[in-house]
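Novice: First residue of the sequence shown? That's 37 in this note's numbering, and the numbers climb one at a time after it.
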Amino acid sequence: MTATEMLFDAVDLARAAAQEEAGAERVGAHVGVQDEDEYSVTHLFEAEHAGYRGWSWAVTVAYAGEGTPVSVSEVVLLPGQGALVAPEWVPWSERVRAGDLGVGDLMPPRENDPRLIEAYVQSDDPAVEEVALEIGLGRTRVLSREGRTDAADRWADSEFGPRSDMARSAPAHCGTCGFYTRVAGAFGAAFGVCANEIAPADGHVVHVEYGCGAHSQVEVDISPMVPVADLVYDDAQLDVLDVSE
37 MTATEMLFDA VDLARAAAQE EAGAERVGAH VGVQDEDEYS VTHLFEAEHA
87 GYRGWSWAVT VAYAGEGTPV SVSEVVLLPG QGALVAPEWV PWSERVRAGD
137 LGVGDLMPPR ENDPRLIEAY VQSDDPAVEE VALEIGLGRT RVLSREGRTD
187 AADRWADSEF GPRSDMARSA PAHCGTCGFY TRVAGAFGAA FGVCANEIAP
237 ADGHVVHVEY GCGAHSQVEV DISPMVPVAD LVYDDAQLDV LDVSE
């Protein structure tokens, strides 16, 4: 008998190894065998463990050469197509989303975060440089060009951006509104803060082309819907004259 035949015939050996690993749980039917190399194959058995639907016991058996018996090399559980598996691991720093942080939570920036760079010389924002040098103080890190671009794209695509439903139906843009407060620095060309307590964007960063119905120049037409003539006749009362005399 060839080595391949011996390996393929070692179903009982593989089942016994799987059953030993499974303990009290029953090992299911033999569902296939896979070639690994010239001297090893893997036998597959249905796993009947609770919660492991679609998984298989995979028992790899090997042959070391003439005069040696086929032996068990490895026993593992493997997921099959459609098996319930854990989702792909995502680092916690990438799982946190806007709005997830609560009172007392801490969220440090990622190591070597491309959105941040050392302040002063590397800020690449002239407005930041000017202020920092003027007062002789500064922050340890400031937004990089990538950080500013990411924020600008996010704000422009938000509900207070130029393509929102509110902006498209507004009578005018924020850039011409008296409640629009322009922000300093590189963001000032396209963004500001709304200071109108009635507006839906009050206290939020808004795009210069955003707008709403609370624009400072909005005027409501209060003229009557039906035209009124200058001369009005009151015919509610009639004077009756006797013309028979």
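All C-beta atoms in this analysis are idealised placements derived from N, C-alpha and C, irrespective of residue type, glycine included.
What are the partner residues of residue 81, as DSSP defines its beta bridges?
Specialist: Answer is 66, 93.
Novice: In chain order, what residues of the same chain have a beta carbon less than 8 Å from the beta carbon of residue 243, not counting five sequence neighbours either side?
Specialist: These residues qualify, in order along the chain: 191, 192, 196, 197, 198, 203, 210, 226, 227.
Novice: Helix, strand or coil: how does DSSP classify residue 244 here?
Specialist: Here residue 244 sits in coil by DSSP.
Novice: Taking DSSP's pairing of strands, which residues face residue 106 in a bridge?
Specialist: In the DSSP output, where bridge partners are listed per residue, residue 106 has none listed.
Novice: For residue 49, which residues from the same chain have a beta carbon less than 7 Å from its beta carbon, with the 5 sequence-adjacent residues on both sides left out?
Specialist: Here the set comprises 97, 106, 108.
Novice: Closest to residue 245 by CA distance: which of 162, 46, 200 is it?
Specialist: The candidate whose alpha carbon is nearest that of residue 245 is 200.
Novice: If you compare alpha carbons, which of 233, 95, 42 is closest to residue 83?
Specialist: The option with the nearest alpha carbon to residue 83 is 95.
Novice: Compare the C-alpha of residue 147 against each of 177, 240, 121 and name the closest.
Specialist: Comparing Cα-Cα distances from residue 147 to each of 177, 240, 121, the minimum goes to 177.
Novice: Look at the Cβ atom of residue 150, then the Cβ atom of residue 130, and state whether they are nearer than 7 Å.
Specialist: Not in contact: residue 150 and residue 130 (Cβ atoms no closer than 7 Å).
Novice: Count the other CB atoms, across all protein chains shown, that sit within 10 Å of the CB of residue 92; report buried if there are 16 or more and exposed otherwise.
Specialist: So residue 92 counts as buried.
Novice: Would you list the one or two residues that DSSP bridges to residue 234?
Specialist: Per DSSP, none; premise fails for residue 234.
Novice: Check each candidate in 55, 58, 103, 250 and name the one with the smallest Cα separation from residue 205.
Specialist: Checked all of 55, 58, 103, 250; the closest Cα to residue 205 is 250.
Novice: Count Cβ pairs between the stretch 71 to 87 and the stretch 55 to 62 that sit closer than 8 Å; are there 3 or more?
Specialist: A contact exists between the stretch 71 to 87 and the stretch 55 to 62.
Novice: Measure the CB-CB distance between residue 231 and residue 248 and report whether it falls below 7 Å.
Specialist: Taking 7 Å as the Cβ cut-off, residue 231 and residue 248 do not qualify as a contacting pair.
Novice: Identify the continuous beta strand (DSSP E) that holds residue 154 and give its terminal residues.
Specialist: Looking at the DSSP string, the run of the beta strand (DSSP E) that includes residue 154 is 152 to 154.
Novice: Opposite residue 215 in the DSSP bridges: which residues?
Specialist: For residue 215, which the question treats as bridged, DSSP gives no partner whatsoever.
Novice: By the 10 Å Cβ neighbour count, where 16 or more other Cβ atoms means buried, how is residue 172 classified, buried or exposed?
Specialist: In this predicted model, residue 172 has a pLDDT of only 45, less than 50, meaning its place in the structure is not dependable; the value taken from the coordinates is given anyway. Per the 10 Å Cβ criterion, exposed.
Novice: Assign residue 241 to buried or exposed, taking buried as 16 or more other Cβ atoms, counted over all protein chains shown, within 10 Å of its Cβ.
Specialist: Residue 241 should be labelled buried.
Novice: Taking the straight line between their C-alpha atoms, what separation do you get for residue 127 and residue 144?
Specialist: Those two C-alpha atoms are separated by around 14 Å.
Novice: Tell me the rounded alpha-carbon separation between residue 70 and residue 133.
Specialist: When rounded, the distance between both Cα atoms is 43 Å.
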